[in-house]
Amino acid sequence: MNVQQATGKLKHINLKSRLIAGGLGLLVAISIPLIGHETLARTRSKSDYEQRLFDAALGFTLYFEGGFSDHPADIGGRTYRGILQTEYNAYRASRGLPPLDVLQMSDAEMLEIYDGYWRGSGAPAMHPALAIVMFDTAVNFGIHNSITFLQQALGLPQTGVFDAETRAALAQGNNKFTALQIVNERILYRYKRVQEKPSQMAFFHGWLSRDYSLWGYVSQIQN
């Protein structure tokens, strides 16, 4: 199954919440057809719990980032599956590889890049709802800004650095409420963004669709 087929099937996302036995506690079991099973084989050092959660987060994000975009009003420029051409160039260069059109990015490369967002946002240690929201926010806004959103939700100074103060506050606020607060902040930011830069109105309804869908997606996760 290719990505285009998979993202089409994501319209029929089936969320089923249930208890998972063992010390990991609650996890939402999410049935999301994504990429071929071979590609999602356990090639990364993730537990089954974390892999399931990563797949759920990636499934949501790819539903909104799954295609190619090169809109003239988009500051990011050429983008495929949520990965900017400039970002892909940097990724290839860091591995001593020559530049390549982002449309030729392999599934393995995409997963490795997204794994950086997953870990960089601190998602592996978070409540399932917060992990999914932080990952999507990191992809949509950048890792630095995802941490800023988190700090705002926790009532902290917005430094964009995952410092000791942020970790201490997160220990108390690692829950679905914080996740939904971040989504609320994203929605407020969208309005501010188009007021400051009217050209971004071209993306406004898509942004809100993503944010409200994210709200509904994680709201179904049991506490």
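Numbering-wise, the numbering used here puts 178 at position 178 of the sequence shown, and it's gapless, one number per residue.
Quick reminder that beta carbons are idealized off the backbone N, C-alpha and C, glycines included.
As the structure is a computational prediction, the values presented were derived from the model and not from experiment.
Can you tell me which residues form a DSSP beta bridge with Ile83?
Residue numbering aside, residue 83 sits at position 83 when the sequence shown is read from its first letter. Paired residues: Tyr80.
Within 8 Å, strictly: CB atoms of Lys176 and Ala129:
Here the question's residue 176 lines up with position 176 in the sequence shown. Here the question's residue 129 lines up with position 129 in the sequence shown. It is a contact, given that the beta carbons lie within the stated cut-off.
Can you grab the Cα-Cα spacing for the pair Thr166 / Gln158, in whole Å?
Within the sequence shown, residue 166 is the residue found at index 166, counting from 1. Within the sequence shown, residue 158 is the residue found at index 158, counting from 1. Those two C-alpha atoms are separated by around 10 Å.
When the distance is taken between beta carbons, is Ile113 closer than 8 Å to Ile83?
Position 83 of the sequence shown holds residue 83. Position 113 of the sequence shown holds residue 113. Their beta carbons are under 8 Å apart, which means Ile83 touches Ile113 by this criterion.
8 Å contact criterion, which Leu180 and Trp215 should meet: CB distance rounded:
As a working mapping, residue 180 is identified with position 180 in the sequence shown. As a working mapping, residue 215 is identified with position 215 in the sequence shown. The Cβ separation is near 6 Å, so the contact holds.
Against chain D, does Asp107 count as a neighbour if the rule is that its beta carbon must be under 8 Å from one of theirs?
The structure shown contains no chain D, having only a single protein chain.
Check this for me: beta carbons of Ala210 and Gln200, under 8 Å apart or not?
Working through the sequence shown from its first residue, we reach residue 210 at position 210. Working through the sequence shown from its first residue, we reach residue 200 at position 200. The identity of residue 210 in the sequence shown is Arg, whereas the question assumes Ala. No. Outside cutoff.
Should Leu154 and Thr178 be called a contact, given that it needs their Cβ atoms to be closer than 8 Å?
For this step, residue 154 is matched to residue 154 along the sequence shown. For this step, residue 178 is matched to residue 178 along the sequence shown. Result yes, Cβ atoms of Leu154 and Thr178 sit closer than 8 Å.
Since Lys197 is in the alpha helix (DSSP H), which residue starts that stretch and which ends it?
Counted from its first residue, the sequence shown places residue 197 at position 197. Element bounds for Lys197: n/a, residue is neither H nor E.
Have a look at Ser121 and Phe149 and give me their C-alpha separation to the nearest angstrom.
Start at 1 with the first residue of the sequence shown, and residue 121 comes out as number 121. Start at 1 with the first residue of the sequence shown, and residue 149 comes out as number 149. Between Ser121 and Phe149, the C-alpha separation is close to 11 Å.
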